[in-house]
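Heads up: the structure comes next, in structure tokens.
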Amino acid sequence: MENVKKPIISFRNVVKSYDDDVPVLKKVSFDIEEGKFYTLLGPSGCGKTTILRMIAGFSEPTAGDIYFEGKRINNVPANKRQVNTVFQDYALFPHMNVFENIAFGLKIKKTPKEEIAVKVKEALRLVQLAGYEKRGISEMSGGQRQRVAIARAIVNEPKILLLDEPLSALDHKLRLNMQYELRELQQRLGITFIFVTHDQEEALAMSDEIFVLNNGNIVQSGTPVDIYDEPINHYVADFIGESNIVDGIMIKDNLVKFAGKEFKCVDEGMRPNEPVEVVIRPEDLDLTSIEAGKLKVKVETQLFRGVHYEIVCHDEMENEWIVHSTKKAQVGREIGLDFDPEDIHVMRFNESEAEFDARLESYDD
Ligand SMILES: Nc1ncnc2c1ncn2[C@@H]1O[C@H](COP(=O)(O)OP(=O)(O)OP(=O)(O)O)[C@@H](O)[C@H]1O
Ligand SMILES: [Mg+2]
Numbered sequence: 001m002e003n004v005k006k007p008i009i010s011f012r013n014v015v016k017s018y019d020d021d022v023p024v025l026k027k028v029s030f031d032i033e034e035g036k037f038y039t040l041l042g043p044s045g046c047g048k049t050t051i052l053r054m055i056a057g058f059s060e061p062t063a064g065d066i067y068f069e070g071k072r073i074n075n076v077p078a079n080k081r082q083v084n085t086v087f088q089d090y091a092l093f094p095h096m097n098v099f100e101n102i103a104f105g106l107k108i109k110k111t112p113k114e115e116i117a118v119k120v121k122e123a124l125r126l127v128q129l130a131g132y133e134k135r136g137i138s139e140m141s142g143g144q145r146q147r148v149a150i151a152r153a154i155v156n157e158p159k160i161l162l163l164d165e166p167l168s169a170l171d172h173k174l175r176l177n178m179q180y181e182l183r184e185l186q187q188r189l190g191i192t193f194i195f196v197t198h199d200q201e202e203a204l205a206m207s208d209e210i211f212v213l214n215n216g217n218i219v220q221s222g223t224p225v226d227i228y229d230e231p232i233n234h235y236v237a238d239f240i241g242e243s244n245i246v247d248g249i250m251i252k253d254n255l256v257k258f259a260g261k262e263f264k265c266v267d268e269g270m271r272p273n274e275p276v277e278v279v280i281r282p283e284d285l286d287l288t289s290i291e292a293g294k295l296k297v298k299v300e301t302q303l304f305r306g307v308h309y310e311i312v313c314h315d316e317m318e319n320e321w322i323v324h325s326t327k328k329a330q331v332g333r334e335i336g337l338d339f340d341p342e343d344i345h346v347m348r349f350n351e352s353e354a355e356f357d358a359r360l361e362s363y364d365d
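Next comes the structure, spelled out in structure tokens:
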């Protein structure tokens, strides 16, 4: 009875290879829902731009299918898709002023002049550049150019806006500012944003949904909180946020052994005595006395990071533990580390995302 809305974009087993080489995308499948902010996150060369180019229609899949609102669009050319792209280098026309840059797409579509004027004005207002129509591109700062590039894309009223590392050229402060502005803009416009970055903090701060990529595959998808709290494997745990990752043995449900000791945990569904990896985030470790601690460690180094101290310790099995604490430790001292069962996150080797999701869901029963 319920009217289930089709995803605005779907990839089904999409492969991309160049010249019979190893594919740069390997059977990638995902759904993009309308009106959300998505981020493709992964290191250089993992295939982020390749995915964007296929959504935009600049490149065709070697195998597999791409759907727009349920219709196959593999061979639909870029200019027939309701998609606009903000390229990494902005690709503005340097010899045109701000107005002409933003109006360009509308002129090609033979939009009436008066309508163009109204739309450009509105687009400039949205990116907070009202009144900048006559400025030359060379007279704008990096952050302003970036906003012109966004205005040039949104003026065409796309259903989907693709943004390929649009903030990478900006200084830290401006970048943080633009993160807020982009997120706000997306919420105001209510259109789908697909944003590319290799910066995990940026992805966590901005997205409704993150796709973590590695080597032509999506390794995990989910909300920022899901991915941060429950990374599927070593790669994701290491890539997203800072992590302590040590080898362990899952003795039985809710009991894991690492650093030579057994600990209560919330994880279930592994084989008895299955070798696993264990993650504890640095902010979940508390400094305490040796007697009160679950682990005995020696403090090796300590750095002041502004909000917290970053303390590096080693346990008796030579595992390294990084701790983020507002308390100071003393280098060279032996201390205790405390943590809760919920702070332990156990990861299996070679678990698929479907198996992983099913296992996590079973915990709630
Ligand atoms: N036209 C092409 N011909 C051959 N190989 C290509 C071509 N375009 C991209 N590649 C290769 O495909 C892989 C994925 O490239 P892609 O541009 O998608 O990476 P990316 O994730 O966007 O990386 P970055 O963060 O550096 O922009 C890379 O190994 C790249 O060398
Ligand atoms: Mg790229």
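So in UniProt numbering, spot 295 of the sequence shown is number 295, and the numbers just go up one at a time.
All C-beta atoms, glycine included, are put in the ideal place defined by N, C-alpha and C.
Counted as a single uninterrupted DSSP element, the beta strand (DSSP E) harbouring lysine 26 occupies residues 25-32. Residue environment: serine 362 is assigned as exposed (fewer than 16 neighbouring CB atoms within 10 Å of its CB, all protein chains considered). In this structure aspartate 253 does not touch threonine 288 by the C-beta definition: roughly 27 Å separates them, more than the 8 Å allowed.
In the structure shown, leucine 106 adopts helical secondary structure according to DSSP, grouped into three states. Per DSSP, reduced to three states, the secondary structure at asparagine 319 is coil, with no helix or strand assignment. Short of 6 Å from the beta carbon of arginine 147, and not among the five residues preceding or following it, lie these beta carbons of its own chain, in chain order: Val127 and Leu129. Taking a contact to require three or more Cβ pairs closer than 8 Å, the segment 58-65 and the segment 235-250 do not qualify as touching. For isoleucine 150, the enclosing alpha helix (DSSP H) stretches over residues 142-154.
Leucine 167 is positioned such that its CB atom lies closer than 8 Å to that of glutamate 202. Tyrosine 180 carries a helical assignment under DSSP once its states are collapsed to helix, strand and coil. Nearest neighbour of leucine 124 by Cα position, chosen from Ala149, Val323, Asp229 and Ile73, turns out to be Ala149. Assignment of tyrosine 90 by DSSP, reduced to helix, strand and coil, places it in the coil class. Nearest C-alpha to arginine 72 among Asp284, Ile55 and Asn84: Ile55. Those residues that have a beta carbon less than 7 Å away from any non-hydrogen atom of ligand 2 are, in order along the chain, Lys48, Thr49, Gln88, Asp164, Glu165 and Val196.
Closer than 7 Å to some heavy atom of ligand 1: that does not describe the Cβ of valine 127. In this structure phenylalanine 349 is exposed. Its beta-carbon is surrounded by fewer than 16 other beta-carbon atoms within 10 angstroms. Taking a 10 Å sphere around the C-beta of methionine 317, we find fewer than 16 other C-beta atoms and assign the residue as exposed. By the 16-neighbour rule on beta-carbons within 10 angstroms, glycine 47 is buried.
By the criterion of a C-beta distance shorter than 7 Å, asparagine 214 is surrounded in its chain by Gly42, Cys46 and Tyr235, once the five residues flanking it on both sides are discounted.
Note on glutamate 320: under 16 other CB atoms within 10 angstroms of its CB, so exposed under the neighbour-count rule. Taking all protein chains in view, the Cβ of tyrosine 132 is crowded by 16 or more other Cβ atoms within 10 Å, so the residue is classified as buried. Under the three-state reduction of DSSP output, serine 207 falls in the coil class, being neither helix nor strand. When secondary structure is reduced to three states using DSSP, glutamine 186 falls in the helix class. Burial check for histidine 95: the Cβ neighbour count within 10 Å stays below 16, so the residue is exposed. One alpha carbon belongs to arginine 135, the other to aspartate 343, and they sit about 53 Å apart. Residue state for tyrosine 363 is assigned as coil, using DSSP reduced to three classes. Counted as a single uninterrupted DSSP element, the alpha helix (DSSP H) harbouring threonine 50 occupies residues 48-56. Ranked by Cα distance from glycine 105, the options Lys26, Ala78 and Phe239 are led by Ala78. For aspartate 21, the three-state secondary structure derived from DSSP is coil. Per DSSP, the continuous beta strand (DSSP E) segment holding isoleucine 280 begins and ends at 274-280. If you draw a 10 Å sphere on the C-beta of glycine 216, you find 16 or more other C-beta atoms in it, and that means buried.
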